[in-house]
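Engineer: Below: one structure in structure tokens.
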Amino acid sequence: MKVGVLSLQGDVREHVSALIACGINPIEVRTGSELAEVDALVLPGGESTTIAQLSEIFGIFEPIKQRIAAGMPVYGSCAGMILLADSILDAKQGQKTFGGLDITVRRNAFGRQVDSFETDLIFDDGSSDLIKAVFIRAPWVEKVGAGVKVLAVVDSHPVAVRSTTLLATSFHPELTADHRIHRYFIEEVAKPALEKVQ
Amino acid sequence: MSEVKGTGRVKRGMAEMLKGGVIMDVVNAEQAKIAEDAGAVAVMALERVPADIRAQGGVARMSDPDMIEKIQAAVSIPVMAKARIGHFVEAKVLQSLGVDYIDESEVLTPADYENHIDKWEFTVPFVCGATNLGEALRRINEGAAMIRSKGEAGTGDVSNAMQHMRKIGGEIRRLSSKREDELYVAAKELQAPYELVKEVAHNGKLPVVLFTAGGIATPADAALMMSMGADGVFIGSGIFKSGNPAQRAAACVKATTFWQDAKVVADASRGLGEAMVGINVADLPVPHRLADRGW
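Just so you know, the sequences run in chain order A and B. Heads up: the first sequence runs through residues 1 to 198, numbered per the working numbering. Heads up: the second sequence runs through residues 1 to 295, numbered per the working numbering.
In structure tokens, the structure reads:
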């Protein structure tokens, strides 16, 4: 399986390292031809407005949107969650997302940087071990559509959700040495989705 | 489930999210919106851009809280603000306003010519300037969660930023080639804590994100800094002191992402109109050089 990391802006390096630790040799995706090479994609943390804008300028906004609609498995952390959401609140005027995940996300919902925090969470992947979650100017999920499962919550707000092919977290597992979420994406989201297609 | 704010990981992590991006100096809400629309990853709210501080002289201080709040209300991206070197009360004021990052900046007039702010005391993260590795590590030791090379702010002359990036990069490469038992003396020579020196020697990079600043005025300048190993770029006077700020801002964002592709940088450089006029750093009398502030 070839996994790409959208490498226009943000913490690309950390996602690349996490994927390597999971035995994947990721491709940095900046162009349409690089996108065409990958079976699955990771959208990093960063500024969702900047990433969306650069995607449009360099002509991969529509191709990514279409690949997602056609069933490409995607994992997005923080800005990546915003980019996967069908609908966003507190957005910049006219801010676009790739969409595909039937959720409504509130940007910077936990507040500004002074409110950023880390905590230990239960992540619903069958393990009862807590996971270290780092929230940075993080969004939360305000509304979840049918077919979307909530995997983790903070103060009753969903902060990790999935559909059949898409996974999104408000927090940044790539900033910790625990690669459970990346492994979950590869094993429990991407692999089953790709096997179904074949 | 206890939530802990202001940890090292949360502060340094915030800077990781800015990587590959451009942070722009803005003096009002209108400029902040132009910067956000152009794809800036954050804005630096200040009353006067460095070029004007230079031209007008006088003591440069923290900005008016009203002005910072207007900018915070105008954009959804992070808002940074500058405090004077050593002025921990300005820093507390900025923290209480909820700015996302504080720049303890040599562009403002220093409040303390011996000590920098003890940045561990704060929940808000700090970025500090450095001209060499020792200075960068002293700032990190005081709690800085992000470093930027200083350059010479407000000149539009990229030569000092280049010099500082080469210096920091060169010193890191030299450390990495040293034997373990040579790192004690290296720490002495760098005037930096041994633990940090050892960490840099082992990892071949700073423990925090390294941006570049000071004198960057064109898309090619931004791409040059990225090729020197910068994680991202601060552009101060370069954008809003030029002929067509919106277009130049967007062009610098493009060149920062696609710095390896000369064709993209070429396209971004087309028809931008007049760049800021600029001052050659060599023509600046030494006492007027901002990069020498901080120690």
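We put the CB at the ideal spot given by N, CA and C, even for glycine.
1) Where do the ends of the alpha helix (DSSP H) carrying M72 of chain A lie?
2) Determine, using beta carbons only, whether D90 of chain A and R107 of chain A come nearer to each other than 8 Å.
3) Please list the partners that L24 of chain A has in chain B, where partner means a Cβ-to-Cβ separation under 9 Å.
4) Comparing the C-beta of H15 of chain A with each C-beta of chain B, is any distance below 8 Å?
5) Using DSSP bridges, identify the partner residues of Y101 of chain B.
6) Give the DSSP bridge partners of E118 of chain A, in chain order.
7) Using DSSP's beta-bridge definition, name the partner residues of V127 of chain B.
8) Compare the C-beta of E47 of chain B against all C-beta atoms of chain A and say whether one is closer than 8 Å.
9) Do E171 of chain B and L133 of chain B come within 8 Å of each other at the CB atom, strictly closer than that value?
10) Could you work out which residues of chain A lie near V124 of chain B, taking near to mean beta carbons separated by less than 8 Å?
11) For F258 of chain B, which of helix, strand or coil comes out of DSSP?
12) Report yes if the CB atom of E106 of chain B is closer than 8 Å to the CB atom of M62 of chain B, and no otherwise.
13) What number of angstroms, rounded off, separates the C-alpha of W140 of chain A from the C-alpha of H157 of chain A?
14) Between which two residues does the beta strand (DSSP E) containing I23 of chain B stretch?
15) What is the C-beta distance between M225 of chain B and A161 of chain B, in whole angstroms, given that I count them as a contact (C-beta under 8 Å)?
16) Contact criterion: CB-CB distance below 8 Å. Does T164 of chain A meet it with respect to chain B?
17) Tell me, please, which residues DSSP counts as bridged to W140 of chain A.
18) Quick check: the Cα distance between L41 of chain A and G4 of chain A, rounded to an integer number of angstroms?
19) Given that Q95 of chain B touches chain A, what residues does it touch there, using C-beta distances under 7 Å?
20) Rounding to the nearest angstrom, what Cα-Cα distance links A18 of chain A and V26 of chain B in this structure?
21) Scan the region 97 to 109 of chain B for residues whose Cβ lies nearer than 9 Å to a Cβ of chain A and list them as they occur along the chain.
22) Looking at the structure shown, is V200 of chain B part of a helix, part of a strand, or coil, going by DSSP?
23) Tell me whether G46 of chain A counts as near the ligand SAM, meaning its Cβ is closer than 7 Å to at least one heavy atom of that ligand.
24) Below 7 Å CB to CB, which residues in the same chain sit around T123 of chain B once its five sequence neighbours on both sides are set aside?
25) With a threshold of 8 Å between beta carbons, is I216 of chain B in contact with chain A?
26) Kindly indicate which residue of B:G151, B:K188, B:A83 has the alpha-carbon position closest to the one of N280 of chain B.
27) Check for me: the beta strand (DSSP E) holding V162 of chain A runs from which residue to which?
28) Measuring CB atoms only, is the region 110 to 128 of chain A touching the region 163 to 181 of chain A, in the sense that at least three cross pairs come out at less than 8 Å?
29) When Cβ atoms are compared, which residues of the region 9 to 22 of chain B fall closer than 7 Å to chain A?
30) Please decide whether R137 of chain A counts as near chain B, where near means a Cβ-Cβ distance under 8 Å.
31) Whose Cβ in chain B lies nearer than 8 Å to the Cβ of T49 of chain A?
32) Residue range of the alpha helix (DSSP H) that V197 of chain A falls in?
33) Report the three-state DSSP secondary structure of T49 of chain A (helix, strand or coil).
34) Thinking C-beta only, is V265 of chain B closer than 8 Å to A220 of chain B?
35) Using a cut-off of 9 Å between C-beta atoms, extract the partners of T212 of chain B located in chain A.
36) Excluding the 5 residues preceding and the 5 following D112 of chain B in the sequence, name in chain order all residues of the same chain whose CB lies nearer than 6 Å to its CB.
Structural biologist: Answer, in terms of the structure:
1) Element bounds for M72 of chain A: n/a, residue is neither H nor E.
2) Yes, Cβ-Cβ distance for D90 of chain A and R107 of chain A is below 8 Å.
3) Before going further, note that residue 24 of chain A is Ile rather than Leu in the sequence given. Going along chain B, no residue has its Cβ under 9 Å from I24 of chain A, so there is no contact; the nearest lies around 20 Å.
4) No, H15 of chain A lies away from the interface with chain B (no Cβ there is under 8 Å from its Cβ).
5) Under DSSP, Y101 of chain B takes part in a beta bridge, and its partners are B:M80.
6) Looking at the DSSP assignment, E118 of chain A forms a beta bridge with A:V134, B:V4.
7) DSSP lists B:D103, B:M146 as the beta-bridge partner residues of V127 of chain B.
8) E47 of chain B is outside the set of residues whose beta carbon lies under 8 Å from a beta carbon in chain A.
9) Cβ distance < 8 Å, so L133 of chain B and E171 of chain B count as in contact.
10) Against V124 of chain B, the close residues of chain A are Q113, V114, in the order they occur along the chain (beta-carbon pairs closer than 8 Å).
11) Taken through DSSP and simplified to helix, strand or coil, F258 of chain B comes out as coil.
12) Taking C-beta atoms as the reference points, E106 of chain B and M62 of chain B fail to come closer than 8 Å.
13) Distance between the alpha carbons of W140 of chain A and H157 of chain A: 6 Å.
14) Per DSSP, the unbroken beta strand (DSSP E) holding I23 of chain B starts and ends at 22 to 26.
15) The C-beta separation of M225 of chain B from A161 of chain B comes to about 6 Å, placing the pair in contact by the 8 Å criterion.
16) Cβ-Cβ to chain B under 8 Å: no for T164 of chain A.
17) According to DSSP, which records beta bridges pairwise, W140 of chain A is partnered with A:R106.
18) Taking the straight line joining both Cα atoms gives about 5 Å.
19) Chain A residues near Q95 of chain B: V114.
20) Rounded to whole angstroms, A18 of chain A to V26 of chain B spans 36 Å at the Cα level.
21) Those residues of the region 97 to 109 of chain B placed with their C-beta closer than 9 Å to a C-beta in chain A are G98, V99, D100, Y101, ordered along the chain.
22) It is helical.
23) With respect to the ligand SAM, the structure shown offers nothing to examine, as it has no ligands at all.
24) Apart from sequence neighbours up to five positions away, the residues of its chain that approach T123 of chain B with a beta-carbon distance below 7 Å are K5, G6, Q95, ordered along the chain.
25) Taking a beta-carbon distance threshold of 8 Å, I216 of chain B does not count as an interface residue toward chain A.
26) The shortest CA-to-CA distance from N280 of chain B to any of B:G151, B:K188, B:A83 is the one to B:G151.
27) Note on residue identity: the sequence assigns Arg, not Val, to residue 162 of chain A. R162 of chain A -> beta strand (DSSP E) spans 157 to 162.
28) With a cut-off of 8 Å, the region 163 to 181 of chain A and the region 110 to 128 of chain A count as touching, because enough Cβ pairs lie within range.
29) Cβ contacts with chain A: R9, V10, G13, M14, E16, M17, K19, G20, G21.
30) It does: the Cβ of R137 of chain A has a partner Cβ on chain B nearer than 8 Å.
31) Simply E36, G39, S76, I77.
32) Its alpha helix (DSSP H) spans residues 191 to 197.
33) In this structure, DSSP gives T49 of chain A a helical state, which the three-state scheme calls helix.
34) One thing to note: A220 of chain B has its Cβ within 8 Å of the Cβ of V265 of chain B.
35) Per Cβ cutoff of 9 Å: no residues; T212 of chain B is ~16 Å from chain A at best.
36) Result list for D112 of chain B: G86, in chain order.
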